[in-house]
Every structure is written in C-alpha cells, then in structure tokens.
Amino acid sequence: MGLAAGDADQVIRLYGLGPAVGAMAPVARGELGRVWRLPTVGGVVAVKELFVPPTEDEAAADVDFQLGARRVGVLLPSPIRRTDGRVLAVLPSGVTVRVYEWMDLRPLDDPVPDAGRGRPDEQVGALLARLHLMAGLTAQRRHPWFVEPVGEPVWIALLEALDAAAAPFAAELARLLPELVALEELLPCPLRGDERRCHLDLDDSNLAWDDRGRLIVLDWENSGPASPVSELAMVAVEYGPDRAVRLCGSYR
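Structure follows, in structure tokens:
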C-alpha cells in the first residue's frame, strides 16, 4: 500500500506545514520513489514517497550534504525537517516519506531566458567542482551498487527476459554483452584515497531550469562516497568529446 491523498494531514502535522489548501496529488515517479505536490497555507511542498527508505542517519547525512551544496552556490530544492528535527517520517500506513521545498521547473531542453537549449556543459562542470571542493575526505564504505560488477549470469538472464518480451533493443544488447562482461573485469573500482561525498546521479533527469533560467540539481538521496575523478568521468562521458572538453575546462 502506497501513499494516499488522505495522508496529507499526517504529513502536515509531522512537518509543521500548516493547513492544506488543496489536495495532495502525485506528479512524478522515479525508480526509487514517487513525488507528490502538497499545497499548504505556507506554500507548496514536495512530498517524496520512498520505495526503498534509507535509515534516518543516512537521510540526515544527505541533508547535510545538500545544505553544504547550497552554501557554495549550488541550487536545489531545500530539504524540510520534521518539527522534531528528523528527516524521515513513517506514516501509520507504513509508507516512509520526506519533504522538500517545491520548485516550478522546466526540462533542460526547454528554452528559458539566458540559458539557451540543451545540456549546460560549463554550468555543470562548475557546479560539480564546487561540490567536490566543498565535500571533505571520507573513509566511509562505498555502496556496492556503484562499484560492484553486475555479473555475467545476471546479464544473460536480463537478455533472455528481453528476448522473451520481444524488446526491440535485445539484439543490440546481445551484441554489446561480451564488451560489457569484459569491462566488468575492471570492477570493483580501486580506492584512490581521495574519496568524498558525491552526488553520484548527476545526469539530465536530475537537472532542470527554474523559472529564472537557473540550473537546479535534484535527487540527492543516492549521494555517497566516490572519487571526484570517477564522478567527473561519469558525468563528462555522457556529453560526447567536444562538450566534455568544455565541461572539464569549466571544472578546472
């Protein structure tokens, strides 16, 4: 059973938001959660329904990272804590939620004043550098999801499922499979000694323009330890050679 519109009163009480002035309604869904829009007398908030909830300590750590990012000029929806200072709330239904400031946003390919179209190479490079300079070194263990290989049996099972479903890209995956398995021989990524907390999911789906044409970074919940070199490479490779050069130049 997931979050329901009727849970709004519980969310309002726990986060001290003031009375609702409209119904709480879902507006977006991702792999790990769903976002609901809740209008209150104090303003609109975003309620995130978490499919795989973190611990309270993990949530508090990512909030600290977000607040640090805001202090160095990275723009993001402000996280909102409960009245007792906690980040997460487990509702009577068993659903875990957290709350953020609501921001009206546009996709990156929307034209906005002074921003232009497409991926903002130089802006992304600059904000990534600010994050890496802000975050201190850590000895915290890296999450296996980011560094461990998937494994050939899992790839084969996925390919078989795609064949059974007549997925149009199954043949292309089959062609790539030997290379993917060979690449996984390089994993897990070695420790470099420069690990610090990174965003770890800085792609198009987590970047948007606000109504003033400023770049906004979303979805910080998966942030965690990584080498800045690795994160820079992960982000830059999605841009293609020419744009990656511009991004890395801005990062430097």
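One rule links them: number in the working numbering = place in the sequence shown (from 1) + 5.
Virtual Cβ for every residue (Gly too), placed ideally from N, Cα, C.
When only Cα atoms are considered, M6 and A33 end up about 18 Å apart. The DSSP assignment places no complete run of the beta strand (DSSP E) inside the stretch 158 to 189 (cut-off: 3 residues).
Between L223 and N211, the C-beta gap is smaller than 8 Å, which places the two residues in contact.
Counting along the chain, the unbroken beta strand (DSSP E) around V222 starts and ends at L220 to V222.
The three-state secondary structure of W225, taken from DSSP, is coil. Inter-residue distance for A162 and V49 is about 44 Å (C-alpha atoms, whole angstroms). Here A9 carries a coil assignment [DSSP, helix/strand/coil].
Around T88, the same chain offers L19, Y20 and G21 as residues with beta carbons nearer than 8 Å, after the five sequence neighbours per side are excluded. For E61, the enclosing alpha helix (DSSP H) starts and ends at E61 to R76. In the structure shown, the three-state DSSP call for W150 is helix. A straight line joining the alpha-carbon of V155 with that of V46 spans about 47 Å. Annotation: V186 to P158 spans about 10 Å, alpha carbon to alpha carbon. Non-local beta-carbon contacts of P24 in its own chain, meaning distances under 8 Å to residues more than five positions away in sequence, involve I17, T45 and V46 in chain order. For L55, the closest of D69, A66, Q71 and V92 by C-alpha to C-alpha distance is V92.
Note on geometry: alpha-carbon atoms of V234 and S255 lie some 15 Å from one another. For H148, the number of other beta carbons within 10 angstroms of its own is below 16, and it is reported as exposed. Here L19 carries a helix assignment [DSSP, helix/strand/coil].
Assignment of G254 by DSSP, reduced to helix, strand and coil, places it in the helix class. Taking all protein chains shown into account, T101 has 16 or more neighbouring C-beta atoms within 10 Å of its C-beta and is therefore buried.
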